[in-house]
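Undergrad: Residue numbers (our numbering): 32 to 376. For each residue, glycine too, the CB sits at the ideal point set by N, CA and C.
(1) Between 339, 359, 92, 35, which has its C-alpha nearest residue 245's C-alpha?
(2) Among residues of its own chain, excluding the 5 on either side of residue 132, which ones have a beta-carbon nearer than 6 angstroms to its beta-carbon?
(3) Does the contact criterion of 3 or more C-beta pairs under 8 angstroms hold for the segment 167-175 versus the segment 114-129?
(4) My output table needs one value for residue 268: the three-state DSSP class, helix, strand or coil.
(5) Using only alpha-carbon positions, find the residue among 158, 263, 253, 362 that is nearest to residue 184.
(6) Cβ atoms of residue 312 and residue 47: under 8 angstroms apart, would you say?
(7) Can you give me the start and stop residues for the beta strand (DSSP E) that residue 67 sits inside?
(8) At what residues does the beta strand (DSSP E) containing residue 245 begin and finish?
(9) Specify the secondary structure class of residue 39 as computed by DSSP and reduced to three states.
(10) With DSSP as the reference, label residue 360 as helix, strand or coil.
(11) On a Cα-Cα basis, can you pick out the residue from 369, 260, 135, 205 that is closest to residue 326?
(12) Anyone know if the C-beta pair for residue 373 and residue 253 falls short of 8 angstroms?
(13) What is the DSSP secondary structure of residue 232, reduced to helix, strand or coil?
(14) Grab the span of the beta strand (DSSP E) containing residue 94 for me, first residue to last.
(15) Looking at the structure shown, is residue 332 part of a helix, part of a strand, or coil, going by DSSP?
(16) Would you identify the three-state DSSP class for residue 373, choosing helix, strand or coil?
(17) Given a cut-off of 8 angstroms, decide if residue 160 and residue 215 are closer than it, judged by their beta-carbon atoms.
(18) From the DSSP output, which residues share a beta bridge with residue 178?
(19) What is the C-beta distance between residue 62 and residue 56, in whole angstroms, given that I count them as a contact (C-beta under 8 angstroms)?
(20) Is residue 156 closer than 8 angstroms to residue 363 when the C-beta atoms are compared?
(21) For the segment 320-337 against the segment 69-81, do three or more pairs of beta-carbon atoms, one drawn from each stretch, fall closer than 8 angstroms, so that the two count as touching?
(22) On the premise that residue 241 lies in contact with residue 304, defined as a C-beta separation below 8 angstroms, what is that separation, rounded to the nearest angstrom?
(23) How do the segment 343-356 and the segment 195-214 stand: do at least 3 beta-carbon pairs fall below 8 angstroms, yes or no?
Quick look at the structure:
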């Protein structure tokens with residue numbers, strides 16, 4: 032029996048990413064009927080992914096690929112390679128493009144070789160590139176593009192009240208302008224040496240992710256691509272490696288000792304509460320891609336398994352969305368012929 036489609040998962044070696052892979056492998060229909068393409072920064076050192084794949088069913092077709100999301104050139108190359116394989120019939124059409132990979136700094140700031148703040152580049156720009164370039168290889172009837180959101184994108188979300196990052200009167204918005212975000216000129220460590228500076232930049236990058244509503248709107252008007260759904264899903268706070276740059280207390284004590292137990296209890300009491308397990312959020316991702324009825328015409332905003340997530344007011348601003356879109360196109364060097372989306376300019 033031929034494969035029903037390809038499932039691409041970025042960040043497949045991380046806490047949520049490896050849990051998504053495990054969910055795929057543990058679901059007979061997905062494992063046996065779909066081809067997996069699992070993207071990580073470096074396959075050779077992707078221990079969690081390798082451990083998961085070592086237990087893969089013998090009939091699960093898959094490949095692991097190196098993908099440096101901090102490099103525009105590398106992201107474009109990987110997308111081009113995947114498109115070539117689909118065109119040759121070496122890979123089936125993409126049924127689910129799960130843009131899971133994430134990056135967060137804390138007290139430091141990293142600028143990529145492309146000149147962009149790393150949270151913005153990894154969390155937003157690389158996702159934009161992959162989505163635009165891989166549209167030509169998507170299943171035009173049932174394809175789903177899923178991006179990982181976060182309540183951190185919405186400065187008015189009450190869940191942010193447990194932290195102090197958004198209480199500083201110097202930062203009353205997460206959108207000081209896309210150029211400032213992209214170049215790392217806002218919420219810098221020298222302005223605020225605490226972990227709050229990095230958290231704000233992370234939240235701002237996720238705001239740009241939610242602004243991919245612009246992509247959903249353009250897909251909806253496309254004569255060939257309008258059946259493709261775009262979904263953003265807030266997975267909640269999870270004990271993963273996203274905080275590995277946050278120092279010993281946060282990265283080890285909180286994330287590895289305290290949060291795993293608390294998250295298990297939290298999910299039992301409130302499945303879509305602030306804290307969740309990676310296993311639960313991975314199941315929500317797979318459900319959104321394969322079980323929910325297709326949501327076309329606009330982006331579907333999910334809070335775990337719950338619908339109706341309230342997005343930030345900036346994400347609803349059409350002018351700001353267009354500004355981020357146009358800036359992203361230039362940063363990604365998108366030119367005529369790079370994407371099959373008709374209305375991309």
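TA: This is what the structure gives:
(1) 359
(2) 41, 42, 100
(3) yes
(4) strand
(5) 263
(6) yes
(7) 65-71
(8) Note, residue 245: premise wrong, no beta strand (DSSP E); alpha helix (DSSP H) at 244-251.
(9) strand
(10) helix
(11) 260
(12) yes
(13) helix
(14) 93-97
(15) strand
(16) coil
(17) no
(18) 130, 263
(19) 5 angstroms
(20) yes
(21) no
(22) So it is not a contact: roughly 20 angstroms between Cβ atoms.
(23) yes
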